[in-house]
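2 protein chains.
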Amino acid sequence: MREIQGASSLTDQVVQAVREAVLSGELKAGELYSAYQLAERLKISRTPVREALLRLAEAGMVRFERNRGFRVLKRDPQEIVEVFHLRLLLEVPAAGLAARNADDTLVAALRQELDAMRAMADGGDDARFMRHDRQFHQLLLLAGGNARLAAVVDGLRDTTTTLGTSTVGRSRNLWEIAAEHEPVLAAVTARDPDAAMSALRAHITHTADLLVGQLTDEAGTPLSPAQAELLGRPGPPAGR
Amino acid sequence: MREIQGASSLTDQVVQAVREAVLSGELKAGELYSAYQLAERLKISRTPVREALLRLAEAGMVRFERNRGFRVLKRDPQEIVEVFHLRLLLEVPAAGLAARNADDTLVAALRQELDAMRAMADGGDDARFMRHDRQFHQLLLLAGGNARLAAVVDGLRDTTTTLGTSTVGRSRNLWEIAAEHEPVLAAVTARDPDAAMSALRAHITHTADLLVGQLTDEAGTPLSPAQAELLGRPGPPAGR
DNA sequence: CGGTCGCATGTAGCATGCTACCTGTCAAGG
DNA sequence: CCTTGACAGGTAGCATGCTACATGCGACCG
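Chains as they are written, first to last, in my numbering: chain D, 1 to 240; chain S, 1001 to 1240.
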């Protein structure tokens, strides 16, 4: 018996639809929209639309403004920095635990996702690529033994996904990103926690740099020293 | 001009009410309830009740069962371990950053919260004590420079708060808990990141032990080695 | 011509109607 | 006595009605 459950609810579908609309630029950040019109456009009632927006509001993607509408929030560099700081703090140690506890099933599953990522990179299919990327990280995090940690990181990805796909020179980056997962997988295969941690740290840091660069190019405001420190100093300052 | 905004919504009030009801034992974990009846009991319509429950469901406090009702979820040791593992990963480094960046305003604010905690411990006022405890941690985390990190931790506390207040021999523990904050404050005052981190680590670990002990006493199932490892090995294995 | 106020418009938030469906019960049939 | 199946009760999920209110615009007044 399979669980269906997740895909069924109209609310869930709207959440997905709004995410994609923001990604595709159909809904622009900073702009004001109405749940009324959105419901009409989707040919459903206002209730599931509202509930979906409430969920997205809690995730920080939109904000309700009483009697005016809802606003798609802008992502500023500060936010990206914060999200990736969190990801470093959480994913790096989790990868270490995963490498320590790894079994062959995990290694095989990770390999499969990585292969899939490469295939999607060839095809230039951003969306599918991201799905497999995400799945790769999820597998790793779950293997770390903390399901809630995996859930938190998954939520964090939602907030950054809002940015992505500047659709420019993307396919080359896809290959680079896929390549960065290889050392992680190798370390897990070798059951080497330290190597897994540093490989993942490099990967996440690089991803952050790409996104931050993309945003600072647009906005023209460079990163503050304090922001840079969050990304450069993921763990306890370690050195005394 | 002051922002009011937050406290107004009926939905928010219901969220608060349900949290308190779970705490007070009015709503029992594992039991099945209906949004219908809850709305009737609160003398409001079903919509805000439903929206509040949806928010709590996302936070992992309740779960909807289609056409049956919603269930208040049981907290098992595994979950507590996961939450505190996360708190160690997030709060400890944040405390280090806070100590590094601390200014006198922060120190004064922390001192104030700690004093308030002691006063509430004297009065045996659990609820208020927890508010100041929470505020102490929030101040520290925000000083770490990552607002989102602070928000995530705040959410984590929500899920554990569901447990608390076994109301037994509590007042003595309140004093102990307050005392554990003293070294943290001292380290921040001295701008000593390492000391702040180890003090906070000790505090969080101790809190986790108390809660886990409370649960294992009830359930009789001791912690698995894997679970213990999550709490004992907060950061990157460090050595090496 | 500049400033104020009333009003039309549109929205979030709340209340309520409606439907499909899950579950427990109980009676009929083996 | 056990199995089966119709049925009543109750729920989540969705649709829709209703209200207070925030805003922009234009008329009216100074």
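Glycine residues also receive a C-beta, built at the ideal position from the N, C-alpha and C atoms.
As the structure is a computational prediction, the values presented were derived from the model and not from experiment.
Does the beta carbon of S:R1041 come closer than 7 angstroms to any beta carbon on chain D?
no
Helix, strand or coil for S:R1201 per DSSP?
helix
Does the stretch 32-45 of chain D touch the stretch 84-103 of chain D, meaning 3 or more C-beta pairs lie closer than 8 angstroms?
no
Please classify D:R68 as buried or exposed, where buried requires at least 16 neighbouring CB atoms within 10 angstroms.
Exposed, since its Cβ has fewer than 16 Cβ neighbours within 10 Å.
Answer yes or no: do S:A1187 and S:A1099 have a C-beta to C-beta separation smaller than 7 angstroms?
Yes.
D:G145, DSSP secondary structure in three states
D:G145 carries a coil assignment under DSSP once its states are collapsed to helix, strand and coil.
Look up D:G124 in the DSSP assignment and say whether it is helix, strand or coil.
coil
Cβ of S:R1019 less than 7 angstroms from any chain D Cβ?
no
Tell me the residue span of the beta strand (DSSP E) that contains D:G69.
69-72
Note down, in chain order, all residues in the stretch 83-102 of chain D with a beta-carbon under 7 angstroms from any beta-carbon belonging to chain S.
Listed by position along the chain: V83, H85, L86, L89, L90, V92, P93, G96.
Reducing DSSP to helix, strand and coil, say where S:R1063 ends up.
strand
How would you call S:Q1016, buried or exposed, if buried means at least 16 neighbouring beta carbons within 10 angstroms?
exposed
Determine the chain S residues that contact D:R148 at a beta-carbon separation under 9 angstroms, and present them in chain order.
G1060, E1079, E1082, V1083, H1085, L1086, L1156, T1159
For D:A29 and chain S, any beta-carbon pair shorter than 7 angstroms?
no
Check the Cβ-Cβ distances between S:G1145 and every residue of chain D, and say whether any is below 7 angstroms.
Yes, S:G1145 lies at the interface with chain D (some Cβ there is under 7 angstroms from its Cβ).
Return helix, strand or coil for S:L1032, following the three-state DSSP convention.
strand
Go ahead and label S:A1127 buried or exposed: buried means 16 or more other beta carbons lie within 10 angstroms of its beta carbon, across all protein chains shown.
exposed
For the stretch 1118-1133 of chain S against the stretch 1070-1086 of chain S, do three or more pairs of beta-carbon atoms, one drawn from each stretch, fall closer than 8 angstroms, so that the two count as touching?
no
Based on Cα-Cα distance, which residue from S:A1102, S:F1129, S:D1125 lies nearest to S:L1140?
S:A1102
According to DSSP, simplified to helix, strand and coil, what is S:P1077?
helix
Given S:A1057, which residues of its chain have a CB within under 8 angstroms of its CB, disregarding the five upstream and five downstream residues?
Cβ neighbours of S:A1057 beyond the five flanking positions: R1063, F1064, F1070.
Contacts that S:L1054 makes with chain D (C-beta to C-beta distance below 9 angstroms):
T11, E51, L54, R55
On the DSSP letters alone, give me the boundaries of the alpha helix (DSSP H) that D:P225 sits inside.
225-232
What residues from chain S crowd round D:A228, counting only those whose CB sits closer than 7 angstroms?
None at all; the shortest Cβ gap to chain S is about 11 angstroms.
Go through the stretch 1081-1113 of chain S residue by residue and report every complete run of the alpha helix (DSSP H) that reaches 4 residues or more, in order.
none
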